[in-house]
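Participant: Once you've had a glance at the structure underneath, I'll fire off some questions.
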Amino acid sequence: MNIVLCNGKGGTGKTTMAVLLATALAEAGKRVAVLDLDPQATATNWLGERDGGKVEKWKSGTVYDVVLVDTAPRLDTLAPALARCTMAVLVASPSPADLWTTRDTVAAIRPHLPKGARLRLLFNGIQAATVLSRELPDLAKRIGVEALTATISRRQCYQHAALLGWRALDHDAREELYAAALEVLRT
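Below, the structure is given as structure tokens:
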């Protein structure tokens, strides 16, 4: 399975989700790699900081159960990343600025999705009991993409995980990531 995490807007959490969803799948027993197509190479650096981690940096010719592809926040570079994907996951916060760009991203990538590839929306940085958190179904409709049921909350520990690895996450954060990762596999 080849999952491309994308959005034309930077700062939506694509890299964080690529590495943490990959880690959740690896913790669940899958052989997982991250392919870092972002010139900033944040995912590559993150994985390099965690020697002995269960997530591999993608290597050509190696067989994986799942490859998560981290992309740059540029619409003009997404077509090659999408060429062999089985799923594209748009990572977006519920902020209006992210949603407008996410809608533009949908229009730009739909023509490049391979036949049978799925397109889903993962809401990231959600704050419970807010107006925007209650409006997620409507926001997904406005974008025109089915949202995953699982959402990712705004948690400081996700940022800490870049240095401390999976152990930086509390039980609730891990469960949230497992739920999102397993939903991506089942969808």
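If you count by our numbering, then the sequence shown holds residues 7 to 193, one letter each, in order. Beta carbons: idealized from backbone N, C-alpha and C, even for Gly.
(1) Measure the Cβ-Cβ separation of Leu-194 and Ala-167 and say whether it is below 8 Å.
(2) Since Ile-149 contacts Cys-91 with CB under 8 Å, what's their CB separation in whole angstroms?
(3) Thinking just about the alpha-carbon of each residue, which of Gly-16, Lys-65 and Thr-193 is nearest to the one in Ala-39?
(4) Let me make sure I understand the geometry here. Which of Ala-94, Arg-192, Ile-132 and Asp-144 has the alpha-carbon closest to that of Arg-124?
(5) Helix, strand or coil: which one does DSSP assign to Ser-139?
(6) For the alpha helix (DSSP H) holding Asp-178, just list the boundary residues, first then last.
(7) Return helix, strand or coil for Gly-131, following the three-state DSSP convention.
(8) Throw me the rounded Cβ distance for the Leu-27 and Ala-187 pair, which I believe falls under 8 Å.
(9) Compute the beta-carbon to beta-carbon distance between Ala-78 and Asp-44, rounded to the nearest angstrom, for a pair I have assumed lies under 8 Å.
(10) Does Cys-12 come out as helix, strand or coil in the three-state DSSP assignment?
(11) If we count Cβ pairs, one from each stretch, closer than 8 Å, do we get three or more for the stretch 157-165 versus the stretch 128-137?
(12) In angstroms, rounded to a whole number, what distance separates the CA positions of Ala-113 and Leu-96?
(13) Beta-carbon within less than 8 Å of Gly-122's beta-carbon, same chain only, minus the 5 sequence neighbours each way: which residues are those?
Facilitator: Once the coordinates are examined:
(1) With the chain covering 7 to 193 only, the question about residue 194 has no answer from this structure.
(2) With 8 Å as the limit, Ile-149 and Cys-91 do not qualify as a contact, their Cβ atoms being about 18 Å apart.
(3) Lys-65
(4) Ala-94
(5) helix
(6) 177-192
(7) strand
(8) 5 Å
(9) 4 Å
(10) strand
(11) yes
(12) 12 Å
(13) Thr-92
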